[in-house]
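Protein sequences, first through last, are from chains V and D.
Heads up, the first sequence is in my numbering, so the first residue is 6 and it goes up one at a time.
Heads up, the second sequence is in my numbering, so the first residue is 14 and it goes up one at a time.
C-beta atoms are modelled at their ideal positions from N, C-alpha and C, and glycine is treated no differently.
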Amino acid sequence: MQSPLPHSSNVPTAAQAANDTYKLPPKLFDARCNACWLVLGVVLLVIASFATLSLQWAQFWSWDALQRMARFVAELLHPRFDLAFVTKVAMASLETLAMSALGTLLAVVLGLALALPASKTHAQDPARWRGPARLLLNALRSTPELVWAALLLIAAGLGPFAGTLALGLHTSGVLGRLFAESIENATPGPAFALRVRGVSAARVFAYATLPQVLPQLLSYSLYRWENNIRAAAVLGVVGAGGLGQMLAFHMGLFQMAETSTVLLAMLVLVALVDALSYAVRKVLSR
Amino acid sequence: MHTAASLPTQRDPAWAGRVFWALAGLALLWPMLVLTEFKPWVLLEPGALKPALNFVGAFFPPRTDAEFLWLLARETWRTVAMATAGLTLALLLAVPLALLSVRVLSLSALTGAMAPVPAGLRQLVRWTLMLLRSVPELVWALVFVRVVGLGPTSGVLAIALTYGGMLGKVYADILESGDTHASASLMRNGAGRLQAFFYALLPQTAAELTSYTVYRWECAIRSSAVLGFVGAGGLGQLMDSSMKMFNGAEVASILLVFMALVWLADRMSAALRKVLA
């Protein structure tokens with residue numbers, strides 16, 4: 006008895022291959038085909054999404070909305086470039102950069118502090134705090150920067166300080182997990198050699214584990230910094246400083262010339278970061 | 014007894030560099046602390062501490078009455094639906110643009126250099142994709158909320174545009190990184206570009222393309238939850254309004270649902286990608 010599936014592992018002999026069933030294309034839907042069920046599920050999900058969202062396409066494509074859109078774009082095409090305003094935008098860009106850098110620095114410190122209890126470095130390590138520390142890291146990580154910023158505004162008030170803390174908290178969750186993983190994956194030999202001589206855990210980490218994982222920690226941190234510059238640019242829309250706050254402010258007052266300049270600054274900042282990271286990667290991988 | 018002082022050879026040979034970099038780091042840190050108004054003691058001032066503690070204190074117990082849970086379930090579905098609809102539209106945008114920009118599918122490039130017109134067109138499409146993805150989705154959402162008003166339409170459009178740009182670029186990169194021998198042979202023997210795509214490029218890269226799309230769907234769920242903060246509907250909008258009313262119990266429930274959603278999307282996407290790999 007052969008399997009009716011064309012992908013069966015039994016290779017059909019020449020006589021069997023001449024059978025018509027092997028010449029037919031496979032059935033379009035087969036109850037045993039996982040991919041078919043997956044595609045069906047995705048199609049149903051997409052249909053359900055569009056059906057339940059009550060999207061206002063009619064309103065979006067109406068003459069009125071198109072006119073509004075055209076006017077909006079036309080207003081955006083006249084950015085304001087006088088010296089006073091450009092200086093203000095440049096300061097806001099610097100503020101964005103500083104927020105991202107300081108936030109990442111905080112995240113590196115907090116992430117490393119949490120990664121140490123969250124990692125089990127050797128078989129005898131009891132690692133009692135591994136579960137709670139990982140839970141905390143997951144909680145920090147799964148709350149986005151913007152939500153952290155909105156929550157912190159209550160305690161820290163409007164301004165870049167809340168944004169910096171928000172970036173720091175979210176990123177420490179991300180970095181802490183990555184750090185813990187690279188600490189656990191470090192070659193155990195050097196640490197073992199020190200431990201059998203009775204060296205304390207702190208010194209084992211400082212002289213055996215850290216030198217091994219430092220390049221990796223550094224590259225993770227730089228990568229997250231790059232991400233954070235982009236995140237810091239928009240974080241301000243909830244009031245947490247930087248370019249985003251200026252954008253939300255001027256757009257709220259319908260000052261389109263100013264909005265346009267801020268948008269341009271945002272694009273330039275993101276493009277610069279992209280170009281720089283591309284160049285650095287190219288130099289490093291050579 | 015040996016002390017460090019009696020053994021000059023044990024002195025750190027790189028001390029000058031270390032001291033210099035430590036000082037340089039401090040000198041860089043100072044203006045950053047000023048720019049970001051980094052004043053941690055603000056958090057401990059009674060004027061700021063008390064409302065914050067009251068707010069956090071109200072987190073427990075989270076609000077779990079039936080009416081609110083129903084609202085929460087509806088907004089959670091709306092968040093997922095916004096991400097899915099946005100990603101579907103993004104695919105409609107990304108697939109044609111990616112196909113237009115792929116150099117491997119150029120007929121004129123089969124014999125030496127690509128002709129100037131198609132080369133120009135491909136560069137133009139690449140720049141369009143770059144422009145689409147370099148505007149963050151939150152900014153697109155802010156713009157569309159201005160034009161179409163509050164509601165999920167602006168969120169869907171924002172996700173569609175940013176993710177269209179990202180997907181288009183990465184699709185093109187994946188298609189170009191594959192083995193080009195099969196597609197080139199097909200096109201040399203008179204196959205069309207679409208035929209070469211369907212029979213040579215797609216079979217090689219289908220798994221990778223699907224897995225990247227699933228990963229982006231996970232990211233889209235995360236960002237659609239946040240888009241509500243600018244008025245694009247979903248969990249974010251619910252959280253924004255609860256937070257403006259300082260309703261800690263509601264915020265706590267929303268945060269829990271939010272974390273569960275992100276965790277679930279993460280698990281699902283990891284499982285799907287494992288199946289596909």
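- Taking 8 angstroms as the cut-off between beta carbons, the residues of the segment 56-70 of chain V near chain D are T57, L58, S59, L60, Q61, W62, Q64, F65 and A70, in sequence order.
- Across the structure, S147 of chain D and W28 of chain D are spaced so that their CA atoms are roughly 43 angstroms apart.
- At least one CB of chain V lies nearer than 8 angstroms to the CB of V161 of chain D.
- For E58 of chain D, the number of other beta carbons within 10 angstroms of its own is below 16, and it is reported as exposed.
- Out of D:L112, D:K287, D:L46 and D:F68, the CA that lies nearest to the CA of Y184 of chain D is found in D:L112.
- Using a C-beta cut-off of 8 angstroms, the segment 136-152 of chain V makes contact with the segment 269-285 of chain D, since at least three inter-stretch Cβ pairs fall below that distance.
- In the structure shown, Q61 of chain V adopts coil according to DSSP, grouped into three states.
- Buried is the label assigned to M256 of chain D, since at least 16 other Cβ atoms lie within 10 Å of its Cβ.
- The DSSP assignment places complete alpha helix (DSSP H) segments of no fewer than 4 residues inside the segment 125-180 of chain D at 129-147 and 150-161, in order along the chain.
- With contact defined as three or more Cβ pairs closer than 8 angstroms, the segment 194-202 of chain V and the segment 97-106 of chain D are not in contact.
- Residue D:A96 holds the alpha-carbon nearest to the alpha-carbon of G249 of chain D among D:Y212, D:A96, D:S119 and D:P74.
- For A89 of chain V, no Cβ of chain D is located within less than 8 angstroms of the residue's own Cβ.
- Under the Cβ distance rule, G164 of chain V counts among the residues neighbouring chain D, one pair being separated by less than 8 angstroms.
- A262 of chain D sits away from P64 of chain D, with the two beta carbons spaced by 8 angstroms or more.
- Considering only beta carbons, the part of the segment 148-175 of chain V lying closer than 8 angstroms to chain D consists of T148, P149, L151, V152, A155, L156, I159, A160, A161, G162, G164, P165, F166, G168 and T169, in chain order.
- Taking C-beta separations shorter than 8 angstroms and ignoring five residues to either side along the sequence, the partners of S121 of chain D in its chain run M127, A128 and P131, following chain order.
- Around A238 of chain V, the beta-carbon contacts reaching into chain D at under 9 angstroms are P149 and V152.
- Using a Cβ-Cβ cut-off of 8 angstroms, R73 of chain V counts as an interface residue toward chain D, since at least one Cβ of chain D sits closer than that to its own.
- Sorting V:M261, V:S265, V:Y283 and V:A245 by C-alpha distance to the C-alpha of L48 of chain D places V:A245 at the top.
- By the Cβ-count criterion, K182 of chain D is buried, with 16 or more other Cβ atoms from all chains shown falling within 10 Å of its own Cβ.
- Using beta-carbon distances, E186 of chain V does not count as an interface residue toward chain D, since no partner is under 8 angstroms.
- Counting along the chain, the unbroken alpha helix (DSSP H) around Y228 of chain V starts and ends at L215 to L240.
- With contacts defined by Cβ atoms closer than 8 angstroms, G164 of chain D and G99 of chain D do not form a contacting pair.
- Residue burial annotation: W140 of chain D is exposed, with fewer than 16 other C-beta atoms found within 10 angstroms of its C-beta.
- The beta carbon of L142 of chain D sits no closer than 8 angstroms to any beta carbon of chain V.
- In chain order, A154, S167 and G168 place their CB closer than 6 angstroms to the CB of A245 of chain D, counting only its own chain and leaving out the 5 sequence neighbours on each side.
- Burial is judged here by how many other beta carbons sit within 10 angstroms of a residue's own beta carbon; S190 of chain D has fewer than 16 and is exposed.
- Taking 8 angstroms as the cut-off, the beta carbon of G136 of chain V is found no closer than this to the beta carbon of S177 of chain V.
- The beta carbons of E88 of chain D and G247 of chain D sit closer together than 8 angstroms.
- Rounded to whole angstroms, the separation of the alpha carbons of V44 of chain V and Y212 of chain D is 20 angstroms.
- Here D78 of chain D carries a coil assignment [DSSP, helix/strand/coil].
- Here the segment 199-219 of chain V does not lie against the segment 271-283 of chain V, with fewer than 3 beta-carbon pairs under 8 angstroms apart.
- Taking S124 of chain V as the centre and dropping the five residues before and after it, the same chain places the C-beta of A185, I188 and E189 closer than 6 angstroms to its C-beta, in chain order.
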